[in-house]
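Reading through the structure tokens given below for one structure.
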Ligand code: THU
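In the numbering used here, the protein residues as written are 8 to 148.
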């Protein structure tokens, strides 16, 4: 999915801004994600950690759950900002959650601390995701 330059920059800016609101006292690794829904709306999420570490949620999943709660279920692009020197990449769990609501061609923009970007797509990050259709195919008719 090719993005127009203005939309692309909006996603980059929103991902960087929301990372400032990350709650990451355990890792000190703030992450920000900005999702573009098919209808043009942008939804953001940051990572939110917990003293019980396993309860922490990543920025990407936070953005997806926020978007779904607002009625958006199809995403065409996502930008992820980390403080990494080379752009950080979404964890496996977030790739799978994104794949529930996005196709292989969903644009993924990975942003480093200095603003340098790597452009990729969801299909490259997670080929052959497990899909709800796999669950449905296995049901007794
Ligand atoms: N984190 C994300 O927010 N997104 C990812 O895709 C990778 C990891 C967060 C989880 C945790 O709060 C911190 O980064 C360190 O793992």
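Backbone N, C-alpha and C define an ideal beta-carbon position, used for all residues, glycine too.
What residue range is occupied by the uninterrupted alpha helix (DSSP H) comprising residue 72? 66-76
Paired residues, beta bridge with residue 82 - DSSP: 44 and 109
Any idea what DSSP makes of residue 117, helix, strand or coil? strand
So what does DSSP say about residue 91, is it helix, strand or coil? coil
How would the residue list near the ligand THU read, in chain order, if you kept each one whose beta-carbon is closer than 6 Å to any heavy atom? 31, 34, 36, 38, 54, 56, 63, 65, 66, 67, 97, 98 and 101
To which residues of the same chain is residue 57 closer than 6 Å at the C-beta, ignoring the five residues directly before and after it? Answer for residue 57: 63, listed in chain order.
Of the residues 105, 55, 17 and 89, which one's Cα is nearest the Cα of residue 79? 105
Which residues DSSP lists as bridging residue 50, in chain order: Beta-bridge pairing links residue 50 to 42.
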